[in-house]
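Heads up, the sequence shown is in the numbering used here, so the first residue is 3 and it goes up one at a time. We put the beta carbon where it would ideally sit given N, CA and C, even for glycine. Structure record follows, encoded as structure tokens.
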Amino acid sequence: MKKLLVFLITSSIALGMMNACGPSEEEIQRRKQARQDSLERVRQQRLAQMKQDSIEQARQDSIEAAKKRKRERNRITFDSDGAFAVQVESWRSKDKAKKQVQKWVERGYENAYTVKFGNEETGDVWFRVRLGHLPSKKMAKKLQDKIQRKYSEPSWISLTTDGTSKNTTD
Numbered sequence: 003m004k005k006l007l008v009f010l011i012t013s014s015i016a017l018g019m020m021n022a023c024g025p026s027e028e029e030i031q032r033r034k035q036a037r038q039d040s041l042e043r044v045r046q047q048r049l050a051q052m053k054q055d056s057i058e059q060a061r062q063d064s065i066e067a068a069k070k071r072k073r074e075r076n077r078i079t080f081d082s083d084g085a086f087a088v089q090v091e092s093w094r095s096k097d098k099a100k101k102q103v104q105k106w107v108e109r110g111y112e113n114a115y116t117v118k119f120g121n122e123e124t125g126d127v128w129f130r131v132r133l134g135h136l137p138s139k140k141m142a143k144k145l146q147d148k149i150q151r152k153y154s155e156p157s158w159i160s161l162t163t164d165g166t167s168k169n170t171t172d
């Protein structure tokens with residue numbers, strides 16, 4: 003019984019010492035502070051990343067908006083009742099003019115057509131290759147500038163309703 007009593011007392015002292023040997027209050031506070039500091043760093047990093055992502059998104063949106071504005075500014079609209087066209091070529095041969103119309107269609111100008119111009123009695127007949135019909139001279143100028151930039155082709159703006167011309171693609 004004496005041994006049991008000594009064992010119980012020794013065990014309780016050992017357990018008490020084990021509890022007393024745990025981290026001190028100061029150590030516990032340091033650990034809590036280190037954890038809070040770590041969480042704060044993570045929060046700051048996330049905020050910085052969100053800010054960077056936001057800036058990048060705003061930059062991308064700005065670039066897209068600028069591209070859209072440029073497309074709108076450079077958009078060329080055709081109008082079947084438009085009074086203007088851009089003349090890009092003129093040929094004596096009707097067949098050659100038709101081949102050139104096809105070339106312009108393949109370049110993306112489905113509105114390419116020929117106009118017969120001149121006097122058949124004198125033999126002075128030309129087949130003009132035009133791109134049109136455009137609603138305004140300003141729009142025709144945009145098309146003319148685009149053709150010059152893209153193909154280095156000479157061209158000029160013409161009225162589509164000059165009484166001596168006859169559309170030969172109809």
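Could you give the first and the last residue of the continuous alpha helix (DSSP H) run that contains D126? D126 -> not in any alpha helix (DSSP H); beta strand (DSSP E) instead, spanning D126 to L136.
So within the stretch 62–135, which uninterrupted alpha helix (DSSP H) runs reach at least 4 residues, ignoring any that extend past its ends? Under the rule that a run must span 4 or more residues, the alpha helix (DSSP H) segments found entirely inside the stretch 62–135 read 96–108.
Limits of the alpha helix (DSSP H) - the one that M141 falls within: Unbroken alpha helix (DSSP H) run through M141: K139 to Y153.
From this set, K140, L136 and S92, which residue's C-alpha is nearest V127's C-alpha? Of the listed residues, the one whose Cα sits closest to V127 is S92.
Spell out whether any CB of chain D is found under 8 Å from the CB atom of V44. The chain inventory of the structure shown lacks chain D, comprising one protein chain alone.
Backbone secondary structure at S160 - three-state DSSP: Strand at S160.
What do you reckon, are the CB atoms on L136 and F86 nearer than 8 Å? It is a contact, given that the beta carbons lie within the stated cut-off.
Pair every Cβ in the stretch 50–66 with every Cβ in the stretch 101–115, then say whether three or more of these pairs are closer than 8 Å. Taking a cut-off of 8 Å on C-beta distances, the stretch 50–66 does not touch the stretch 101–115, as fewer than three cross pairs fall below it.
In or out: W158 buried (at least 16 other Cβ within 10 Å) or exposed? It is exposed - the Cβ of W158 has fewer than 16 other Cβ atoms within 10 Å.
Per-residue DSSP class, three states only, for S26: In the displayed model, S26 falls within coil according to three-state DSSP, outside both helix and strand.
Using DSSP with H/G/I as helix, E/B as strand and the rest coil, what is M52? In the structure shown, M52 sits in a helix (DSSP, three-state: H, G or I).
Sequence-distant residues of its chain with Cβ nearer than 7 Å to L161 (five each side left out): Result list for L161: A85 and F86, in chain order.
Given a cut-off of 8 Å on the beta-carbon distance, is the pair A99 and T116 in contact? Contact flag set, yes.
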